[in-house]
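Chains as they are written, first to last, in the UniProt record's numbering: chain A, 1 to 375; chain B, 1 to 375.
Virtual Cβ for every residue (Gly too), placed ideally from N, Cα, C.
Bear in mind the structure is a predicted one, so any value in this text is a computation, not a measurement.
Number of protein chains: 2
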Amino acid sequence: MTVTLADVAARAGVSAATVSRVLNSNYPVAEATRDRVLRAVAELEYVANGPASALAAATSDLVGILVNDVADPFFGVLASAVQAEMSDGGGPGGEKLAVVCNTGGSPERELTYLTLLHRQRAGAVVLTGGAVEDSAHTAALAARIARLAAAGTQVVLCGRPPLPAAAAGAHAAEAPAANGPRAAGRAAARAVGAGPAPLTVAFDNRGGARALTEHLVGLGHRRIGCVAGPERLTTTRHRLEGHRAALAAHGVEDAPGRTVHGAYDRASGYAAAHELLRRDDRLTAVVAANDTVALGVCAALRERGLRVPEDVSVAGFDDLPFSADAVPALTTVRLPLGHAGALAGRLAMGREPAPPAGVTLLSSELVIRNSTAPL
Amino acid sequence: MTVTLADVAARAGVSAATVSRVLNSNYPVAEATRDRVLRAVAELEYVANGPASALAAATSDLVGILVNDVADPFFGVLASAVQAEMSDGGGPGGEKLAVVCNTGGSPERELTYLTLLHRQRAGAVVLTGGAVEDSAHTAALAARIARLAAAGTQVVLCGRPPLPAAAAGAHAAEAPAANGPRAAGRAAARAVGAGPAPLTVAFDNRGGARALTEHLVGLGHRRIGCVAGPERLTTTRHRLEGHRAALAAHGVEDAPGRTVHGAYDRASGYAAAHELLRRDDRLTAVVAANDTVALGVCAALRERGLRVPEDVSVAGFDDLPFSADAVPALTTVRLPLGHAGALAGRLAMGREPAPPAGVTLLSSELVIRNSTAPL
DNA sequence: GTACGCATAGAAAGCGCTTTCCATCGCGAG
DNA sequence: CTCGCGATGGAAAGCGCTTTCTATGCGTAC
């Protein structure tokens, strides 16, 4: 059946231990011996048994990335950046198997994947995706993360807010009891990376949203509709807060009914825009939950015979790849997706020193294009 | 340290064997015993050690999906469909860890990931992404796939053409020698699923391209530019063949210089359109390699003061989510991405009987929108 | 009443690696 | 010339599961 370490050892005329040492290059092996072993490996086309290695070494070369929806460009770009950083075994440890897991935005699947990755003894996990503001789920998530950390897996949150301190502390007391010198050694090695709360790389959604709305207000707009994201998401709340702060700062009334919640997809934007105009057809601007939603909003406006930006200005969020090509090109808030992903990846692989507080807040940039115009 | 099977067994007052049997439900266990075990599992928050299970059972619950680029909607949609089908442990076997691996379009990374998945003893692999027409790579790929198949991993190609018969046959002779009754049993079990060539779910690119160009010809266009995909990809060749077949069938001359190759991204479309018009500014239509490229083409045309579709008709391919929202909405060829992904996933999980020849060719559908108009 | 069969549970042998001891060898120091 | 030490390589003990093979009850048929 399959070629095993022993086969390689036999062929090279050395012991299994030596082959293992050559392959993991963590022990001095004479040049000649090494060559002999490598030749045998090549000749036999030996492929190590990952599970066996993982079992013996108590850690696998699997690293995971959780996203809400791979089909959503936002996550696609983010995942791609994280993956590039993680799979490259540049640092200590060779080639990693960086995999992305699609939660479909379901909190349950998020937990399931975390458990599956734990089960596989993944070396690191980057968790992206909307944080649901549900204390039960947050607690469950924090517990799951704490267990991963306790097992030596570095967890990094990316593009989502840090875990509430209270939740993060849960299960922290779960200090592993040492039994036997060997186990103690491992436990100690684990304790090192396992801080109280997972590292976080977040976006300044509030600031970005605020800048965006101020841009609109500066253009003279006063009747500004808002198509917000799903109600229970922290990201949604932050963007909404930024939006409202801008309105308040400039003395613009935030009339009730000017905000509609929806999903982060085009259909939501389309429906929400119609609803917004039904409530008040004198709107002169609309800020959307993100660029995809903005596209839906534009479609709805066009359907009603309103031109963008002549009649109504529309602004997006995220600056996804397609946004610059849309007609009109979208004014939006650029999130440093690639940078965030790379940073999260490096943090997860321990290739980057963790920031003091464990949280890095990345600022955004207002990108003004053609979908917004003076009143 | 971590909770193990033995801990659970001790707590439930049974043997480790019994706990294993309860968790894998592959052996009769008395109701009462089962309850006791499950309670212990819950109380101790036991999470099985995946590598250990995989080692002992010679198979893991990891299943992989390879894509060129997660940030590309085409692959995003495809991966999402495959993943949904594979992670759902509906059939035999519980919850699977369905992961997507991003090759970045690099043949080397494709091979690397295949090896890593092999190393992890993945249960199934769905391989998407462009097939490079390089015999060396194709042979390497076929060999790698044959080894996976020999190790019991079901490999399914999705959205790419079947492996050339010759290449697929390579390494097929590698019949595992049975040593010991147990090994023999396993080898036999493996031999079952490992046909000569991997199963394939492909799109009828040729037919789709042909229908699209015929649509343009039917509209009266004669000077039709073509922005084709990367030169060495089978998909590119097929689409080009369909395009040329349509021209030939209707007696339209395919003037030299009317075809430009580029990548499957917007920038390529943009550059290619400019190049095409530089060569012949009387073009009245352009077929693009895919929808993303079509967007780039539209941008370039617009920049030159040409209106779409009044001055120049533009057609895409794939019918990605954003295509219906583009302005103008893109005429394109709809590929049954979701269907293909689901089918590939089911095939990989052995939940669907393999078609006789091992190849399923999915037909496409012409979707006429506003980016094409009569001459 | 004894024997046989079925249902259920345990003992134990690995699965293929990693890693901790040890053993060995060669060599310069004392 | 002997001793000790650094540099290498081997033996073997697991890592935590799965899965035979075996043992124990118990109900049923003769």
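Exercise. Along the region 113–126 of chain A, what residues have a CB closer than 8 Å to any CB found in chain B?
Worked result: From the region 113–126 of chain A, only Y113, T115, L116, L117, H118, R119, Q120 and R121 have a Cβ closer than 8 Å to chain B.
Problem set entry | Sub-7 Å separation of V125/A and V155/A beta-carbons | Reading the first sequence from its first residue, position 125 is the one you call residue 125/A. Reading the first sequence from its first residue, position 155 is the one you call residue 155/A. The answer is yes: Cβ separation under 7 Å.
Exercise. Can you find a C-beta in chain B that's less than 7 Å from the C-beta of D325/A?
Worked result: Your numbering for residue 325/A matches position 325 in the first sequence. In terms of beta-carbon proximity, D325/A lines the interface with chain B, with at least one pair separated by less than 7 Å.
Problem set entry | Reduced DSSP secondary structure (H/G/I, E/B, other) of V47/B | The residue labelled residue 47/B in the question sits at position 47 within the second sequence. Three-state result, V47/B: coil.
Problem set entry | Partners in chain B for C158/A, counting only beta-carbon separations shorter than 7 Å | One-based indexing of the first sequence puts residue 158/A at position 158. The premise fails here: C158/A is roughly 15 Å from chain B at the closest Cβ pair, so nothing lies under 7 Å.
Exercise. What's the call for L55/B, buried or exposed, on a 16-neighbour Cβ count within 10 Å?
Worked result: By one-based count along the second sequence, residue 55/B stands at place 55. That one is buried.
Exercise. Can you list the residues of chain B that residue 378/A reaches, using a CB-CB cut of under 7 Å?
Worked result: The requested residue 378/A does not occur in the structure, where chain A is confined to residues 1 to 375.
Problem set entry | Bounding residues of the alpha helix (DSSP H) (the contiguous stretch that carries L283/B) | Residue 283/B sits at position 283 when you count from the first residue of the second sequence. That residue, L283/B, is in no alpha helix (DSSP H); it is neither H nor E in DSSP.
Exercise. E110/B versus chain A: which residues are under 8 Å apart at the beta carbon?
Worked result: Sequence index remark: in the second sequence, residue 110/B carries index 110 (1-based). In chain order: nothing, as chain A lies at least about 13 Å away.
Exercise. In chain B, which residues lie with their C-beta within 7 Å of the C-beta of R266/A?
Worked result: Within the first sequence, numbered from 1, the residue matching residue 266/A stands at position 266. The answer, in chain order, is D325.
For this session: Report yes if the C-beta distance between V41/A and R119/B is below 7 Å; otherwise report no.
Result: In the first sequence, the residue the question calls residue 41/A occupies position 41. In the second sequence, the residue the question calls residue 119/B occupies position 119. In this structure, R119/B does not lie closer than 7 Å to V41/A by Cβ.
For this session: Starting from the beta carbon of V70/A, find every residue of chain B whose beta carbon is closer than 7 Å, and list them in chain order.
Result: Residue 70/A sits at position 70 when you count from the first residue of the first sequence. By Cβ distance, chain B contributes V70, G76, A79, S80 and V100.
Exercise. When you compare only the Cα positions, how much space is there between P198/B and A57/B?
Worked result: To locate residue 198/B, count along the second sequence from 1; it is residue 198. To locate residue 57/B, count along the second sequence from 1; it is residue 57. Each residue's alpha carbon lies about 24 Å from the other.
Problem set entry | Close-in-space but distant-in-sequence residues of the same chain around G266/B (CB under 8 Å, 5 per side omitted) | By one-based count along the second sequence, residue 266/B stands at place 266. Checking the sequence shown, residue 266/B turns out to be Arg, not Gly. Around R266/B: T292, V293, L295, G296 and A299.
For this session: Buried or exposed for N24/B, please, with buried defined as at least 16 other CB atoms from any protein chain shown within 10 angstroms of its CB.
Result: As a first step, residue 24/B must be located in the second sequence, where it is residue number 24. Within a 10 Å sphere around the beta-carbon of N24/B sit fewer than 16 other beta-carbons, which makes this residue exposed.
Problem set entry | Same chain only: Cβ atoms within 7 Å of R279/B, ignoring 5 sequence neighbours per side | Mapped onto the second sequence, residue 279/B falls at position 279. Excluding sequence neighbours, R279/B sits near G257.
Problem set entry | Own chain residues within Cβ distance below 6 Å of S371/B, not counting five before or after | Within the second sequence, residue 371/B is the residue found at index 371, counting from 1. A distance below 6 Å between beta-carbons, with the five flanking residues on each side excluded, links S371/B to the following residues of its chain, in chain order: V308, P309, V314, P328, L330 and T331.
For this session: Using DSSP bridges, identify the partner residues of D61/B.
Result: By 1-based counting over the second sequence, the position of residue 61/B is 61. Partner(s): none; D61/B has no beta bridge.
Exercise. I think G123/B touches L62/B, with their Cβ atoms under 8 Å apart; what is that distance to the nearest whole Å?
Worked result: Locating residue 123/B in the second sequence gives position 123, where the first residue counts as 1. Locating residue 62/B in the second sequence gives position 62, where the first residue counts as 1. Correct: roughly 7 Å between the Cβ atoms.
For this session: Taking C71/B and S80/A to be in contact with their CB atoms under 8 Å, please state how far apart those CB atoms are, rounded to whole angstroms.
Result: Counted from its first residue, the second sequence places residue 71/B at position 71. Counted from its first residue, the first sequence places residue 80/A at position 80. With the sequence shown as reference, residue 71/B is identified as Ala, and Cys is not the correct amino acid for it. Correct: roughly 4 Å between the Cβ atoms.
For this session: Name the one or two DSSP bridge partners that S313/A has.
Result: For the purposes of this step, residue 313/A is identified with residue 313 of the first sequence, where counting begins at 1. Partner(s): A285/A.
For this session: Mind reading off the beta-carbon distance from R232/B to V132/B? Whole number of angstroms is fine, and I expect it under 8 Å.
Result: In the second sequence, counting from the first residue as 1, residue 232/B sits at position 232. In the second sequence, counting from the first residue as 1, residue 132/B sits at position 132. R232/B to V132/B, Cβ: 5 Å. Contact.
Exercise. P356/A to T59/B, Cα distance in whole Å?
Worked result: The sequence position of residue 356/A within the first sequence is 356, counting from 1. The sequence position of residue 59/B within the second sequence is 59, counting from 1. When only Cα atoms are considered, P356/A and T59/B end up about 42 Å apart.
For this session: Compare the C-beta of A272/A against all C-beta atoms of chain B and say whether one is closer than 7 Å.
Result: By one-based count along the first sequence, residue 272/A stands at place 272. Chain B, which has no Cβ nearer than 7 Å to the Cβ of A272/A, makes this no.
Exercise. Which same chain residues, not among the five before or five after L375/B, have their C-beta less than 7 Å away from its C-beta?
Worked result: Start at 1 with the first residue of the second sequence, and residue 375/B comes out as number 375. Excluding positions up to five away in sequence, the list reads L219, G220, H221 and T284.
Exercise. Going by DSSP, which residues form a beta bridge with R334/A?
Worked result: In the first sequence, residue 334/A corresponds to position 334, counting from 1. R334/A is bridged to D318/A and E365/A.
Problem set entry | Beta-carbon contacts of D134/B that lie in its chain and below 7 Å, excluding the five residues immediately before and after | On the second sequence, residue 134/B is found 134 positions in, with the first residue counted as 1. Excluding residues within five positions, the ones whose Cβ falls inside 7 Å are R232.
Exercise. Identify the residues that DSSP records as bridge partners of F203/B: which are they?
Worked result: For this step, residue 203/B is matched to residue 203 along the second sequence. DSSP lists L362/B as the bridge partner or partners of F203/B.
Problem set entry | Boundaries of the beta strand (DSSP E) in which L111/A is found, first to last residue | As a position in the first sequence, residue 111/A is number 111, starting the count at 1. Note, L111/A: premise wrong, no beta strand (DSSP E); alpha helix (DSSP H) at P107 to R119.
Exercise. On the three-state DSSP scale, how would you describe A98/B?
Worked result: Numbered from 1 along the second sequence, position 98 holds the residue referred to as residue 98/B. Judged by DSSP in its simplified three-state form, A98/B adopts strand.
Exercise. In whole angstroms, what separates the C-alpha of A273/A from that of L301/A?
Worked result: Position 273 of the first sequence, counted from the first residue, corresponds to residue 273/A. Position 301 of the first sequence, counted from the first residue, corresponds to residue 301/A. Within the model, the alpha-carbon separation for A273/A versus L301/A is close to 7 Å.
For this session: Just tell me which of T33/B, R121/B, L114/B and A32/B has its CA closest to the CA of T51/A.
Result: Translated into the one-based positions of the first sequence, residue 51/A becomes position 51. At residue 51/A the sequence reads Pro, which differs from the Thr that was named. It is R121/B.
For this session: If I'm right that P73/A touches P230/A with Cβ under 8 Å, what's the distance once you round it to whole angstroms?
Result: Counted from its first residue, the first sequence places residue 73/A at position 73. Counted from its first residue, the first sequence places residue 230/A at position 230. 18 Å between Cβ atoms; not a contact.
For this session: For my contact list, L109/B and T115/B are in at a C-beta cut-off of 8 Å; report their separation, rounded to the angstrom.
Result: Position 109 of the second sequence, counted from the first residue, corresponds to residue 109/B. Position 115 of the second sequence, counted from the first residue, corresponds to residue 115/B. This sequence places Arg at residue 109/B; Leu is not what is there. The pair is not a contact, with the Cβ atoms about 10 Å apart (cut-off 8 Å).
Exercise. Cα separation between Y270/A and L127/A?
Worked result: On the first sequence, position 270 is the one that residue 270/A refers to. On the first sequence, position 127 is the one that residue 127/A refers to. In this structure, the CA atom of Y270/A is about 30 Å from the CA atom of L127/A.
For this session: Spell out whether any CB of chain B is found under 7 Å from the CB atom of G269/A.
Result: Residue mapping note: residue 269/A aligns to position 269 of the first sequence, counting from 1. The Cβ of G269/A sits no closer than 7 Å to any Cβ of chain B.
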